[in-house]
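Engineer: Top to bottom, those sequences are chains A and B.
Quick note, the working numbering runs 626 ahead of the 1-based positions in the first sequence.
Quick note, the working numbering runs 626 ahead of the 1-based positions in the second sequence.
There are 2 protein chains.
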Amino acid sequence: MRFSKFGDYLKADSGILGLMQDIDAAMTGPDPMLLLGGGNPARIPAVQEVFRVSMQQLLNDGDRFENIGGSYDGAKGDSVVGHALASLFKERFGWDIGPENVAITNGSQSSFYTLFHLFAGEYSDHPFRKILLPLTPEYIGYSDIGMGDNLFRSYQPAIELQGNHEFKYHVNFENLVVDDDIGAIAVSRPTNPTGNVLSDSEIAKLRALARSHGVPLILDSAYGAPFPNIVFPEITTDWDENTILCLSLSKLGLPGLRTGFVVANEEVIRAISGANAIMALAPGSAGPALTRNMIEDGRILDISNDLIRPYYKAKVQNAMTWVNHAMHDLPCRIHSPEGAIFLWLWFEGLPITSELLYQRLKARGVLVVSGEHFFPGLSAPWAHRQECIRVSYAQEPSIVKKGIEVIAEEVRRAFHDGK
Amino acid sequence: MRFSKFGDYLKADSGILGLMQDIDAAMTGPDPMLLLGGGNPARIPAVQEVFRVSMQQLLNDGDRFENIGGSYDGAKGDSVVGHALASLFKERFGWDIGPENVAITNGSQSSFYTLFHLFAGEYSDHPFRKILLPLTPEYIGYSDIGMGDNLFRSYQPAIELQGNHEFKYHVNFENLVVDDDIGAIAVSRPTNPTGNVLSDSEIAKLRALARSHGVPLILDSAYGAPFPNIVFPEITTDWDENTILCLSLSKLGLPGLRTGFVVANEEVIRAISGANAIMALAPGSAGPALTRNMIEDGRILDISNDLIRPYYKAKVQNAMTWVNHAMHDLPCRIHSPEGAIFLWLWFEGLPITSELLYQRLKARGVLVVSGEHFFPGLSAPWAHRQECIRVSYAQEPSIVKKGIEVIAEEVRRAFHDGK
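#1: Give a yes or no on whether the C-beta atoms belonging to PRO881 of chain A and PRO671 of chain A are separated by under 8 Å.
#2: Using DSSP with H/G/I as helix, E/B as strand and the rest coil, what is LEU824 of chain A?
#3: Can you give me, in chain order, the residues of the region 662-674 of chain B that have a beta carbon less than 8 Å from any beta carbon in chain A?
#4: Measuring alpha carbon to alpha carbon, tell me which of B:ASN891, B:LEU883, B:ARG1016, B:ALA940 ends up nearest ALA912 of chain B.
#5: Between ARG884 of chain A and chain B, is the shortest Cβ-Cβ distance under 8 Å, so that the two count as touching?
#6: Alpha carbons only, please: which of B:TRP972, B:GLU1022, B:PHE1001, B:MET920 is nearest the one belonging to GLY641 of chain B?
#7: My output table needs one value for TRP948 of chain A: the three-state DSSP class, helix, strand or coil.
#8: Taking the alpha carbon of VAL857 of chain B as the point to measure from, which residue in B:THR817, B:ARG837, B:SER737, B:ASP770 has its own alpha carbon closest?
#9: Going by the DSSP bridge assignment, what does TRP970 of chain B pair with across the sheet?
#10: Please return the same chain residues whose Cβ sits closer than 8 Å to the Cβ of LEU993 of chain B, not counting the five positions on each side in sequence.
#11: Which residues in the same chain as MET920 of chain A place their Cβ atom closer than 6 Å to its Cβ, once the five residues preceding and following it in sequence are excluded?
#12: For ASN801 of chain A, count neighbouring C-beta atoms within 10 Å of its own C-beta (all shown protein chains included) and say buried if the count is 16 or more, exposed if not.
#13: Between THR654 of chain A and chain B, is any beta-carbon pair separated by less than 8 Å?
#14: Distance cutoff 8 Å, beta carbons only. Does GLY879 of chain A sit that close to anything in chain B?
#15: Please identify, using Cβ separations under 7 Å, the residues of the region 811-830 of chain B that lie next to chain A, in order along the chain.
#16: Chain A partners of GLN682 of chain B, CB-CB under 7 Å?
#17: Among the candidates A:ILE870, A:ASP807, A:GLY924, A:TYR635, whose CA atom is the shortest distance from the CA of SER713 of chain A?
#18: How many angstroms separate the CA atom of ALA1034 of chain B from the CA atom of GLN674 of chain A?
#19: Tell me which same chain residues have a C-beta within less than 7 Å of the C-beta of PHE691 of chain B, skipping the five on either side of it?
#20: Flag ASN1047 of chain B as yes if its beta-carbon sits less than 8 Å from any beta-carbon of chain A, otherwise no.
#21: Would LEU824 of chain A and ARG833 of chain A be called neighbours here (beta carbons separated by less than 8 Å)?
#22: In the DSSP assignment, what are the bridge partners of ILE785 of chain A?
#23: Taking 8 Å as the cut-off, does the region 725-738 of chain B touch the region 888-908 of chain B (at least 3 CB pairs, one atom from each stretch)?
#24: State whether the region 1011-1023 of chain A contacts the region 941-953 of chain A, with contact taken as three or more CB pairs (one from each stretch) at a distance under 8 Å.
#25: Is the region 697-708 of chain A touching the region 715-725 of chain B, taking contact as three or more C-beta pairs under 8 Å?
#26: What does LEU643 of chain B reach in chain A if we use C-beta pairs closer than 7 Å?
#27: With a threshold of 8 Å between beta carbons, is SER780 of chain B in contact with chain A?
#28: State whether the region 966-973 of chain B contacts the region 866-876 of chain B, with contact taken as three or more CB pairs (one from each stretch) at a distance under 8 Å.
#29: Using a C-beta to C-beta distance shorter than 8 Å, which residues of chain A count as neighbours of ARG896 of chain B?
#30: Mind pulling the chain B residues with CB within less than 8 Å of LYS631 of chain A?
#31: Alpha carbon to alpha carbon, what distance is there between ASP689 of chain A and HIS999 of chain A?
#32: Out of B:THR917, B:TRP1008, B:CYS1014, which one is the CA nearest neighbour of MET681 of chain B?
#33: 8 Å is my cut-off, CB to CB: does ALA848 of chain B come that close to chain A?
#34: Would you list, in chain order, the members of the region 724-742 of chain B that have their beta-carbon closer than 7 Å to a beta-carbon of chain A?
#35: Would ARG779 of chain B and LEU758 of chain B be called neighbours here (beta carbons separated by less than 8 Å)?
#36: Taking Cβ positions, are ILE811 of chain A and LEU777 of chain A nearer each other than 8 Å?
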């Protein structure tokens, strides 16, 4: 069977697709694995109870359950929920927004697929503009959105060592070049995979930079503020007409319901609606319906701040203790864990690639993600890329602890053997 | 804000997007409308009860409810459901398939977005192949998938008059040209909008034609067999490695859960999985989870054959009676209603365009869809295109009856006034 180039790319399992297949095969294979690789959120009992009660209420509330499944939402998504979200953000944060500034999507990956194609690629006045990623490492899921085209101009970060066991990436502002070849600036906050949280002043600088060049700032807040707010330092989240804020229900605990939100100016929202219509008719109704009451009464913020954030904050402290204990004799640094659900471990001078480490760990029954996949658009050789791994700390403590111990053993062996 | 060409297209509300906006505005506007325009399925009480019971069972079955929302499915979708669907079709219809032949998507529109781009557009050995649509009218949702590029080579049908009040389209086989510019053949069965059901022999001919030219036959069975099986004549549905069968839960009664199925050879399934991963990470879990038991025990076929098909069959008889009564003095023919949930009305010699009729009906509070939008890729002028409208008969009988009466009044006025 002959396929278009689009098809050739998709069925070749190239790029991240091969990695996803590999992870999927390991997860569903016959051998039990310690799954520290994926992005599944933790099962937080108090949060799960909220969703269960909400579904039960839907079932008890006349034909609301039937209305969820039985009708298409509009291309912009459930209009009651869009309205409620705008009201909530306007009231709590003073943002100057209305329902015309909110679109619902089939999850954050869908949002980014559309957004990156809205601002990267061919323009009527330019052969190919790109998305500027001011900081790598950056989210692995961005990489393949160009389907083989490189959509990104990416930058290495500045590295600040913190004590003996931690480090932190910063945006290298003096290096950034925003010119006519750039269509947008995009950044995740917290960063997936590193847990880095760009400071308010870094964000303010990026916002000013974007505005001064007439391009939007796309803020990936899948783990961030206002919800699920898995962010440990105190930060503010502003919004303006030039900011495109992307949110999701996934890390609130509902990844299976594939619900994303885009908060942006009306022109962007119209384009997102159009993309929804053409690619999916409409986004799914289940996620918005299940969380509607929590958005209407603002509980979604309380759940984030009072249940989700403290839960992960406690978890990350434990995980760091285990890492520091297990790797005390190794050149291991943890990226300052300011948010999200991962530890980003840097083994400086690792004599093997992170890809080989990933393979060895997989053979030992521990699934992580090799760090080299988190540098979308960065082609310059850089040893650091092959010295890091991403480890989820969202799973059961015993699994995380055991996984960390196996990682330490394999890294120790690599350093000892020099290969 | 500057947008790429992709963005310019999406935010311009061109093509079908403008129409969808118009319909959406009318539906959510202040004036009550008789909604005979959309594709929402009927609320069939016995079917709704099945879904309600299924959700209640999920809630009562340990942490199954938590598992739906709380984890990402793989890029191919819920593997238990994929496995069950393959087993069901193998057992009931003798198809030579396994779980490797099934992918789940975020609904049939998502399936078609991917499939049309898999087989239309640039190939490594050809600048631009197209999808051959052997028969128009054809589904409106196909039109914009090319985002401004015409992906289709389309054909006018042969028209068979049946008695004084009906007619039927047939594939004009002698006209079809399948050459090296064609990447796939696609057809909906039943056809949306006309309710036409291609006969087994027409499908066999298309299948042979596709195979002999080394291109796949894409069969859009969103309303068809094996489920929801809103098909009134007796037909068979075969599958082979060269057939790509697209199914959906929408017309089973769950459009809000956005769940589609693609049954195809392994190479196509791998490409669909890749597209899911890049565009959405994974398809939603709610639809597959809610229907898993029905797929496992085959009840999904019984629900289709015993509840859904008879329900629409009774409805369409009523609707035809109302049309024939209300339009007895008008040159109105109904396309032989063999399936799906629409009446396709042809007013031969209508002195106004169907678009103007649509506008006048909207002003009278009746929403239909103007027929001219259902000829994707057909550019040759043809009066017939402007003489038809699509009318849903899935809504409440009183609404359908009243709507038909208003349509008759407006059509009568147009013929009387000659404008």
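All C-beta atoms, glycine included, are put in the ideal place defined by N, C-alpha and C.
Structural biologist: Considering the structure as presented:
#1: No, the Cβ-Cβ distance between PRO881 of chain A and PRO671 of chain A is not below 8 Å.
#2: Coil at LEU824 of chain A, not helix or strand.
#3: GLY664, GLY665, ASN666, PRO667, ARG669, GLN674
#4: B:LEU883
#5: At a cut-off of 8 Å between beta carbons, ARG884 of chain A contacts chain B.
#6: B:PHE1001
#7: helix
#8: B:THR817
#9: B:ARG1016
#10: ILE649, ALA652, MET653, MET659, LEU660, LEU661, LEU662, GLY663, GLY664, LEU987
#11: ILE926
#12: ASN801 of chain A should be labelled exposed.
#13: yes
#14: yes
#15: none
#16: LEU685
#17: A:GLY924
#18: 54 Å
#19: LEU684, LEU685
#20: In this structure chain B extends from 627 to 1045, so residue 1047 of chain B is not present and cannot be described.
#21: no
#22: A:TYR795
#23: yes
#24: yes
#25: no
#26: Contact of LEU643 of chain B with chain A by beta-carbon distance below 7 Å involves GLY900, ALA903.
#27: no
#28: no
#29: LEU636, LYS637, ASP639
#30: GLY747, GLU748, TYR749, SER750
#31: 46 Å
#32: B:THR917
#33: no
#34: ASN732, GLY733, GLN735, SER736, TYR739
#35: yes
#36: no
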